[in-house]
Amino acid sequence: MANRRQRVVLLGAGGHGKVVLDALLAAEEHEVVGVLDDDPAKAGLCLLGIPIVGTSRDLRGLAGRLTFEGVVVALGDNYLRDRKSREVRVAGLQPVTVIHPGATVSRFVELGEGIVILAGAVINPGTKLADNVCVNTAASVDHDNVLGRSSHVFPNATLAGGVSIGEFTHIGSGAVVNPNLKVGKHSYVGSGAVVTRDVAEGVIVVGVPAREVKKQLKRPD
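Okay, structure coming up:
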């Protein structure tokens, strides 16, 4: 008898959620029983053919009615994704990892919980991804990287070997981080930036080479 696929819902019906749901359906490893979104205007709509069945405010009740065990948190904002992932755990549910079948992930990569890796991404051996990390479309994460909790590597960004990315850090689309550099937690690397030296904690850097332009003051709730 074939193993039963885990029943899950996806949390987040925005553009990022659509891409994550596409990856989830392509992987065919879970049974998707519904989508959740906290915007009441989306109630009753569908995302890629999957109905929006409620909000995250009643996770336990919905889990009982729909009999699901896991939640894919499909929110691009690092702080919101982290908060909702904590709520999933408090509700006694499991944050689910999604890896698009078109991604290339070495079997020598260490993965936490609730990770999203999208189509065309490459993650090479020796790299460690903490909980709630998102590696977006066609991003390249080379060997021996460390990606901190709830960080996000945006589409077509490149992390060379030996890079360390702090928790809640944003690496913008098309940005490049040169080998063996550290980007501090809560920092924001702008799209197309080229990081040639370490980036401090809690700053925004842009340009080629990347330079600090102001502080990044957002923090977890």
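Each position in the sequence shown, counted from 1, maps to that position plus 2 in this note's numbering.
Idealized CB from N, CA, C, for every residue including glycine.
Remember, predicted model here, so these are calculated numbers, not experimental data.
**OP:** Find the nearest neighbour of Ala202 within the set Gln218, Ala195, Pro211, judged by alpha-carbon distance.
**Re:** Closest by alpha carbon: Gln218.
Original post:
So Pro181 and Ala162 are in contact, right, with Cβ under 8 Å, and what is the actual spacing, rounded?
Top reply: Correct: roughly 4 Å between the Cβ atoms.
Subject >> One or two residues paired with Ser166 in a DSSP bridge >> reply: Beta-bridge pairing links Ser166 to Val148, Lys184.
**OP:** Write down the C-beta distance between Gly168 and His145 rounded to the nearest angstrom, noting that I regard them as a contact closer than 8 Å.
**Re:** No, Gly168 and His145 are not in contact; Cβ-Cβ is about 19 Å, not under 8 Å.
**OP:** Would you mind working out which of Thr139, Arg221, Val75, Leu49 sits nearest Thr106, comparing C-alpha positions?
**Re:** Comparing C-alpha distances from Thr106 to each of Thr139, Arg221, Val75, Leu49 shows the shortest one belongs to Thr139.
**OP:** Following the continuous alpha helix (DSSP H) through Arg67, name the residue where it begins and the one where it ends.
**Re:** In the DSSP assignment, Arg67 falls within the unbroken alpha helix (DSSP H) covering 61–68.
Subject >> Same chain, Cβ closer than 8 Å to Met3, five either side skipped, listed in chain order >> reply: Caution is warranted here: a pLDDT of 39 is assigned to Met3, below 50, making its placement in the model unreliable, and no coordinate value can be reported.
Original post:
So is Lys220 buried or exposed if we call it buried at 16+ other beta carbons inside 10 Å?
Top reply: By the neighbour-count definition (other C-beta atoms within 10 Å, threshold 16), Lys220 is an exposed residue.
Original post:
Would you call the region 93–108 and the region 116–126 in contact, with 3 or more CB pairs under 8 Å?
Top reply: Note that the region 93–108 touches the region 116–126; at least 3 beta-carbon pairs, one per stretch, sit closer than 8 Å.
Original post:
With a CB to CB cut of under 6 Å and the five nearest residues on each side skipped, what residues in its chain are close to Val165?
Top reply: Only Asn147, Val179, Leu183 meet the Cβ criterion.
Original post:
Mind checking Leu47: buried by the 16 CB within 10 Å criterion, or exposed?
Top reply: By the neighbour-count rule (16 or more Cβ atoms within 10 Å), Leu47 is not buried but exposed.
Original post:
Which runs of the beta strand (DSSP E) spanning at least 3 residues fall entirely within the region 7–74, listed in chain order?
Top reply: Secondary structure remark: continuous beta strand (DSSP E) runs of at least 3 residues inside the region 7–74, in chain order: 8–13, 32–38, 52–56.
Subject >> CB contact flag (Ile173, His154, <9 Å) >> reply: Result yes, Cβ atoms of Ile173 and His154 sit closer than 9 Å.
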